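Chemist:
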Amino acid sequence: MLAADLPERVGAVVSRGGRPDLAAAALERVAAPVLLIVGGADDLVLRLNEDAREQMAQADVRLEVVPGATHLFPEPGALERVAELARDWFVRHLT
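Last residue of the sequence shown? That's 407 in this note's numbering, and every number before it is there in order.
1) Cα separation between phenylalanine 410 and alanine 344?
2) Between which two residues does the alpha helix (DSSP H) harbouring leucine 406 extend?
3) Express the C-alpha separation of glycine 323 and arginine 404 in angstroms, rounding to a whole number.
4) Quick check on the DSSP output: what are the complete alpha helix (DSSP H) runs of length 4 or more inside the region 316-387, in order along the chain?
5) Please say whether glycine 329 and valine 350 have beta carbons closer to each other than 8 Å?
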């Protein structure tokens with residue numbers, strides 16, 4: 313995970329429906345602000361991201377749940393909401 317290996321090069325991270333369990337060993341080394349975006353109907357991935365948030369307690373981590381969205385966010389308006397959240401996060405942390 314680049315954010316853990318090169319912290320001086322990563323100013324902010326956004327993960328949409330990600331599987332943070334696949335990077336579990338690196339999570340505690342992440343220093344950049346992290347936004348985790350998960351669909352509200354994606355129970356497994358929601359639990360995985362809740363666990364990851366705990367593992368990254370050293371970083372500024374926020375978990376946003378898009379109500380009613382499933383894993384790939386195909387529901388009307390879901391991807392638009394993801395884009396808004398990501399834009400706001402990057403503007404906040406990179407400008």
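All C-beta atoms in this analysis are idealised placements derived from N, C-alpha and C, irrespective of residue type, glycine included.
Predicted model only: the values in this text are computed from it and were never measured.
Modeler: Checking against the coordinates, here is how it stands:
1) Nothing in the structure corresponds to residue 410, since the chain is present only between 313 and 407.
2) 390-406
3) 11 Å
4) 336-339, 355-367
5) yes
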